[in-house]
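Residue numbers (the working numbering): 277 to 626. C-beta atoms are modelled at their ideal positions from N, C-alpha and C, and glycine is treated no differently. What you are looking at is a predicted structure, and each value in this text was computed from that prediction instead of being measured. Working notes for the structure below.
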Ligand SMILES: [Zn+2]
Ligand SMILES: [Zn+2]
């Protein structure tokens, strides 16, 4: 039963959160805040633990977006940086973070790929700043106060695809858990399901590899059993998110940084509130949940649909061809002049 006392506590917290919206950082009291930063096509997740410790997981491309976002929050100290893997859309922005913030240490994966990837600017930056670098594989763990951080991947030392070397983290605070997967793909997901099946179950899942069908396999999604999923992506030429993944998250609460900007979750370990940043930099409440293990909506999440609707075809300026949702060419079109409803799909390119 939902007790009055709990309701009073929830209300007080919501008032406090509302009071600081758009004014300052979300850190206060016993609240864990997780920011899924809109860095365009790439990943960057900023964690503010209830005890004030901070962790930054990836920083997107070297476009300064993660750096500027942290500055806008008034952050000065990043206790731990986690570089999930060495692709530029994850570590490109990290040298800027190391140069502009007081960074405690950096964690990188203890795994490689058949085609090793180096990111020289990052290693130089680590060296120049005398930063302590720790290599993590599955089994590593630390506490950020009352928040536990467990590393569930990588489980091997060598992968065909560097995306599979990604550090995968599970953050747990009270009854609320986040699974943050970097670009871990099928091979790593299979290992996690085989080795850590009982640990994968999480409320909130950061969808792997920007919604590519190389991740989010059915077995993995079933083991994680999320209720809320977050896609970190921007304009891209890979057709992310792929339709197979989009279908796999149907019925879940879906959040997307390409459509909603930065997405922020705050939790006291029992309830969850979510916000996005709007165009003028203010925060907008999106949805709230209570009864964390089996979340109920207090406020329903917004319906997030793909930007292109099924059963609608889109024509280019030249109007020689038209395309429908799911067509490989659709996301690549820069100008979509006309939407023509209710045209059958028989002539649609595919
Ligand atoms: Zn990658
Ligand atoms: Zn990536």
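In the three-state reduction of the DSSP assignment, residue 451 falls in the coil class, being assigned neither a helical nor a strand state. Per DSSP, the beta-bridge partners of residue 412 are 385.
Boundaries around residue 467 are those of the alpha helix (DSSP H), 462 to 476, since no beta strand (DSSP E) includes it. For residue 499, the closest alpha carbon among the candidates 476, 461 and 515 is that of 476. By the Cβ-count criterion, residue 328 is exposed, with fewer than 16 other Cβ atoms from all chains shown falling within 10 Å of its own Cβ.
Of the other Cβ atoms in all chains shown, fewer than 16 fall within 10 Å of the Cβ of residue 408; this residue is therefore exposed.
With a 10 Å radius around the Cβ and a threshold of 16 neighbouring Cβ atoms, residue 319 comes out buried. Here the alpha carbon of residue 420 sits roughly 19 Å from the alpha carbon of residue 349.
At a cut-off of 6 Å, the beta-carbon of residue 459 counts as near ligand 1: some heavy atom of the ligand is closer than that.
Taken atom to atom, the span from the alpha-carbon of residue 381 to that of residue 403 is near 12 Å. DSSP places residue 346 in the uninterrupted alpha helix (DSSP H) bounded by 341 to 349. In the three-state reduction of the DSSP assignment, residue 549 falls in the strand class. For ligand 2, a non-hydrogen atom lies closer than 6 Å to the CB of residue 363.
For residue 459, the secondary structure class from DSSP, reduced to helix, strand or coil, is coil. Fewer than three Cβ pairs drawn from the region 362 to 376 and the region 410 to 427 lie within less than 8 Å of each other, which leaves the two stretches out of contact. In terms of side-chain proximity, the C-beta atom of residue 437 is found no nearer than 6 Å to any non-hydrogen atom of ligand 1. Around the Cβ of residue 465, a 10 Å sphere holds 16 or more other Cβ atoms; the residue is buried. Using a C-beta cut-off of 8 Å, the region 327 to 342 makes no contact with the region 518 to 535, since fewer than three inter-stretch Cβ pairs fall below that distance. For residue 378, the three-state secondary structure derived from DSSP is strand.
Within the same chain, 542 and 564 come within 6 Å of residue 549 by CB-CB distance, once the 5 residues on both sides are set aside.
In this structure, the beta-carbon distance from residue 545 to residue 469 does not fall below 7 Å.
Taken atom to atom, the span from the alpha-carbon of residue 431 to that of residue 379 is near 27 Å. Taking the Cα of residue 307 as reference, the smallest distance to any Cα among 326, 335 and 426 is reached at 326.
Taking a C-beta distance under 7 Å as the contact criterion, residue 434 and residue 393 do not qualify as a contact pair. Across the structure, residue 503 and residue 493 are spaced so that their CA atoms are roughly 16 Å apart. In this structure residue 456 is in contact with residue 482, their Cβ atoms being roughly 5 Å apart against a cut-off of 8 Å. Going by beta carbons, residue 525 and residue 505 fall inside the 7 Å limit. Under the three-state reduction of DSSP output, residue 404 falls in the helix class. Taking every protein chain shown into account, the CB of residue 579 has fewer than 16 other CB atoms within 10 angstroms, so this residue is exposed. Taken through DSSP and simplified to helix, strand or coil, residue 443 comes out as coil.
459 is the residue among 459, 573, 488 and 383 whose C-alpha sits nearest the C-alpha of residue 438.
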